[in-house]
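S.K.:
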Amino acid sequence: MALAVITGAAGGIGGAIARAFGAAGYDLALLDRAAIDRPGATCIALDLTDPAAVAGAFERIDAGHDRIDALINVAGINHRAPVRRMAVADWDRMMDVNVGHMFLTAKHALPRMGPGGAIVNMGSISGHVATPDYPAYVTTKAAVESFTFALAQEVGGRGIRVNALAPGWVDAGFTEAALAEAADPGTIHAAARAAHLLGRMADPDEVADAALWLASPEASFVTGQTLFVDGGLMRKH
Numbered sequence: 549m550a551l552a553v554i555t556g557a558a559g560g561i562g563g564a565i566a567r568a569f570g571a572a573g574y575d576l577a578l579l580d581r582a583a584i585d586r587p588g589a590t591c592i593a594l595d596l597t598d599p600a601a602v603a604g605a606f607e608r609i610d611a612g613h614d615r616i617d618a619l620i621n622v623a624g625i626n627h628r629a630p631v632r633r634m635a636v637a638d639w640d641r642m643m644d645v646n647v648g649h650m651f652l653t654a655k656h657a658l659p660r661m662g663p664g665g666a667i668v669n670m671g672s673i674s675g676h677v678a679t680p681d682y683p684a685y686v687t688t689k690a691a692v693e694s695f696t697f698a699l700a701q702e703v704g705g706r707g708i709r710v711n712a713l714a715p716g717w718v719d720a721g722f723t724e725a726a727l728a729e730a731a732d733p734g735t736i737h738a739a740a741r742a743a744h745l746l747g748r749m750a751d752p753d754e755v756a757d758a759a760l761w762l763a764s765p766e767a768s769f770v771t772g773q774t775l776f777v778d779g780g781l782m783r784k785h
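Below is the structure:
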């Protein structure tokens, strides 16, 4: 049975992706700093920025599987602060979690992948549309795409595909946390919905469906791309 390794699987989007891949018949290895309880899955709680912990996680995965078919990197954090007020430690942590963990997981997944393998990295429209007071987040999401494109060039000759997803606003816990920081969450929530041509935010399952498609044979000639799942948000900019 095909195996999908998913980071950030305890979150709203990551959890939806885990459900989608499970429903599609994949075995699952779910990695997150928070504990996950999913029967039948290999669930590993770890610090995804710790090289030794990530190496150990893949050794655990080896115990039950001889190859990895899909790596879906979703784990990410956000921190609101303008550059002049942001602590260096907060900046570094954002880079380590949002970008660094993708390097670590790819480093260990690739030797375990063969032709037909796929990596999907979670970007964001924030990598293309800057948001005031979130300089670290937008920087990391732009970096995710650059890393994705470079990796696609590196491994394409082995028949491995690498793509990024760029959602707009998603109706999940990550978005709710950001909206809660606003002075008027209701107004911002309405503005977030209106920012999309479809007049609403994405459901996490819609992002999950896109991730599943990118990892599937139906996308066998798609690599080095960013798929926008943004309800037309980018067309308003």
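In case it helps, our numbering puts the sequence shown at residues 549 to 785. Think of the CB as a built atom: it goes at the ideal place given N, C-alpha and C, for glycine as much as any other residue.
1. Following the continuous beta strand (DSSP E) through P799, name the residue where it begins and the one where it ends.
2. In angstroms, rounded to a whole number, what distance separates the CA positions of A756 and A566?
3. Can you tell which of G675, S764 and Q773 has the C-alpha that lies nearest to the C-alpha of A552?
4. Are the CB atoms of V718 and A690 within a distance shorter than 7 angstroms?
5. Three Cβ pairs or more, each shorter than 8 angstroms: is that satisfied between the region 647 to 654 and the region 683 to 703?
6. If you measure between the beta carbons of T555 and V622, is that distance less than 7 angstroms?
7. Identify which residue in R641, A700 and K784 has its Cα closest to the Cα of R741.
8. Could you check what DSSP says for T735 in three-state terms: helix, strand or coil?
9. Less than 7 angstroms between C-beta atoms, sequence neighbours within five positions excluded: which residues of the same chain meet that for T771?
10. Going straight from the alpha carbon of L658 to that of G604, what length do you get?
11. Does M661 pass the burial test, meaning 16 or more other C-beta atoms within 10 Å, or should it be called exposed?
12. Hey, which unbroken runs of the beta strand (DSSP E) at 3 residues or more fall wholly within the region 573 to 634?
M.R.: Taking the definition as stated:
1. This structure leaves residue 799 out entirely; the chain is present only between 549 and 785.
2. The residue you call residue 756 lines up with position 208 of the sequence shown. The residue you call residue 566 lines up with position 18 of the sequence shown. Answer to the nearest angstrom: the Cα atoms are 8 angstroms apart.
3. Translated into positions along the sequence shown, residue 552 becomes position 4. The candidate whose alpha carbon is nearest that of A552 is S764.
4. Taking the first residue of the sequence shown as 1, we reach residue 690 at position 142. Taking the first residue of the sequence shown as 1, we reach residue 718 at position 170. No; because the gap between Cβ atoms is not below 7 angstroms, this pair is not in contact.
5. yes
6. On the sequence shown, residue 555 is found 7 positions in, with the first residue counted as 1. On the sequence shown, residue 622 is found 74 positions in, with the first residue counted as 1. Contact: yes.
7. In the sequence shown, counting from the first residue as 1, residue 741 sits at position 193. Nearest of R641, A700 and K784 to R741, Cα basis: K784.
8. Along the sequence shown, one-based indexing puts residue 735 at 187. Three-state result, T735: helix.
9. Reading the sequence shown from its first residue, position 223 is the one you call residue 771. Here the set comprises A700, G704, R709, V710 and N711.
10. Here the question's residue 658 lines up with position 110 in the sequence shown. Here the question's residue 604 lines up with position 56 in the sequence shown. Using only the alpha carbons, I get a separation of about 15 angstroms.
11. Taking the first residue of the sequence shown as position 1, residue 661 is located at position 113. When all chains shown are included, M661 counts as buried.
12. 575 to 580, 590 to 593 and 618 to 621
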